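Heads up: the structure comes next, in structure tokens.
Residue numbers (our numbering), protein chains in the order written: chain A, 431 to 762; chain B, 8 to 130.
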């Protein structure tokens, strides 16, 4: 086994398959969890019929979606219309490659992991735009305009916020970041506490990029039918839906790794800690989703450009100054 | 050295192939009884009025321009952030800090200018 794993091609294939299977499985049951959670928050039962506690619901959903009629509107751009859902899953999944679960359980230990992550979350707006424009539907088009404006706006605070961990740890590799936190304390509580503020902004920005409540105006169903996916049926819609969950889950995992020390923790093995932290963050996201109303378009943009961007711009010098200051005192 | 990139490429290929297979499976398993009105785009249940490919509000282009400016400026900070601690180690920390401060100040002034000009108002 270990000799086989030395062959980069076999190793690559192995990790590709493991990551995709793992992420797909977790994603499927995270939809179950979300529905159950939402149900409980609204004094309902959530899914109960398929299997114990409704646990087989995701399988039933997938079977249902696979048997739906696959419609492509006559006036749509066929090629782009079909390409968009595939690409959106591909981009969302790509992030999984750099998530450091443990020092060894890590598909690709890129020394530019942070850039890869930011590049993919920037790319996420393309399939949305591609699919909506190709549908030739006015609702989709307006929704896509909103999604793109929101996606690229929140990319700015996201990039600036993740600069704080980069300054504090001096690396762009996610696994090195976690290793540094293991040695010097998690970024979330490390002085001068800029990590905490950066985390809040990064977390909000990744919520906005995944178009989740309170940032879901692209899918405002009371105004825009189903947003960018209005014309999509069956599994094509399913892929968009899946990509949203993959994106959310992986954002939680990334936050857990970058700000909460990843695999660092006492007693239990690292993987458990990493998964526990990711799950807690995901639960928090779900909780937020079912507790808040959606923001208006202008409020959303104000929050980004007038609060998040100036705040992150201020965080960078503060962090940098503290780093110099602490070094002067004989620290790192 | 570059084997991580092989993993990335494999992951991308597997993800795209999987997505494609799911769509093909959907095509095989789903019914295919297409009618004219099914293949129309959805618009409140009426016949769609004209085409959706229209010109659209300038606001969104302004956001795109702002994004490009700020994102590219932010990307310039990454190399600085990575080597910052090494420079501190070499005793050049304060110098590097001032360099960054100048850069971020200019960025901040840019934001203030855009703000004053009203490009951040959404009405």
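From the three backbone atoms N, C-alpha and C, an ideal C-beta is built for every residue, glycine too.
From a predicted model like this one, the values you see are computed outputs, not experimental measurements.
| query | result |
| --- | --- |
| Helix, strand or coil for residue 618 of chain A per DSSP? | coil |
| Helix, strand or coil: which one does DSSP assign to residue 126 of chain B? | coil |
| Is the Cβ of residue 53 of chain B closer than 7 angstroms to any Cβ of chain A? | no |
| Express the C-alpha separation of residue 457 of chain A and residue 539 of chain A in angstroms, rounding to a whole number. | 23 angstroms |
| Suppose you measure from the CA of residue 753 of chain A to the CA of residue 598 of chain A; what does that come to, to the nearest Å? | 7 angstroms |
| Kindly list the residues whose CB is nearer than 8 angstroms to the CB of residue 518 of chain A, restricted to its own chain and excluding five residues on each side of it in sequence; keep chain order. | 554, 557, 558, 561, 669, 670, 673 |
| Could you work out which residues of chain B lie near residue 751 of chain A, taking near to mean beta carbons separated by less than 8 angstroms? | 104 |
| Is the distance from the Cβ of residue 763 of chain A to the Cβ of residue 537 of chain A below 7 angstroms? | Any question about residue 763 of chain A goes unanswered here, given that chain A covers just 431 to 762. |
| Less than 7 angstroms between the beta carbons of residue 631 of chain A and residue 742 of chain A, yes or no? | yes |
| Quick check on residue 497 of chain A - is its C-beta less than 7 angstroms from some C-beta in chain B? | yes |
| Our contact map puts residue 74 of chain B next to residue 585 of chain A with C-beta atoms below 8 angstroms; I'd like the distance itself, whole angstroms only. | 6 angstroms |
| Going by other Cβ atoms of all chains shown within 10 Å of its Cβ, with 16 needed for buried, is residue 666 of chain A buried or exposed? | buried |
| Who are the Cβ neighbours of residue 587 of chain A in its own chain at under 7 angstroms, not counting the five residues just before and after it? | 631, 635, 734, 738, 739, 742 |
| Any idea what DSSP makes of residue 463 of chain A, helix, strand or coil? | helix |
| Using a Cβ distance threshold of 8 angstroms, determine whether the stretch 46 to 60 of chain B contacts the stretch 472 to 485 of chain A, with at least three qualifying pairs required. | no |
| Using a Cβ-Cβ cut-off of less than 8 angstroms, give me the residues of the stretch 640 to 662 of chain A that come near chain B, in sequence order. | 655, 660, 661 |
| Going along chain A, which residues have a C-beta under 9 angstroms from residue 72 of chain B? | Near residue 72 of chain B there are no residues of chain A at all, since even the closest Cβ is about 10 angstroms away, more than 9 angstroms. |
| So, are the CB atoms of residue 722 of chain A and residue 644 of chain A less than 7 angstroms apart? | yes |
| Please give me, in chain order, every unbroken run of the alpha helix (DSSP H) with length at least 4 that falls completely inside the stretch 461 to 502 of chain A. | 487 to 496 |
| Along the alpha helix (DSSP H) that carries residue 535 of chain A, what are the first and last residues, could you check? | Segment: none, residue 535 of chain A is in no alpha helix (DSSP H) and carries neither H nor E. |
| Determine whether the Cβ of residue 625 of chain A lies closer than 7 angstroms to any Cβ atom of chain B. | no |
| Are the CB atoms of residue 450 of chain A and residue 21 of chain B nearer to each other than 7 angstroms? | yes |
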